[in-house]
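To start, the structure itself, in structure tokens.
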Amino acid sequence: MNTSLCRIRPDNYLQEVALADKPVLMLCMPFNEAFPSQLKVVEAVADQMKAVVKVGLLDEAFIDTFKKNLQISGTPTFLIMVKGKERSRMIGLADHQMLSDFIAGTTVA
């Protein structure tokens, strides 16, 4: 896994998301057949936009609990979190441009 990504688990959620000093883009997606292609997109965006957002990947064991808590009905879901609170979400497969535009449109003050 790319070093620009952090793995989000219940034991590090507070530190990695709620206390993060910049917005956090999170990928909520089961590790299925579409996962490798989405991971490549997320890794590329993480490298390109690391000055703007922190990028996290939900640990697979945490996905169901996280989906329930945030009422996420479909995956993949991309979330922008600020200080642990959801600022925006995008549902569905994304390419590099879509994800970059989503981040840019959400993180602009």
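For the sequence shown, my numbering begins at 43 and goes up steadily by one.
The C-beta atom is built at its ideal place from N, Cα and C for all residues, glycine as well.
Your pair K92 and S46 checks out as a contact, with CB atoms roughly 6 angstroms apart and the cut at 8 angstroms.
For the 7 angstroms CB-CB criterion, V97 and L141 do not form a contact.
CA-CA distance, V124 to D63, rounds to 9 angstroms. In the DSSP assignment, V66 falls within the unbroken beta strand (DSSP E) covering V66 to C70. The Cβ-Cβ distance between M71 and T107 does not fall below 7 angstroms.
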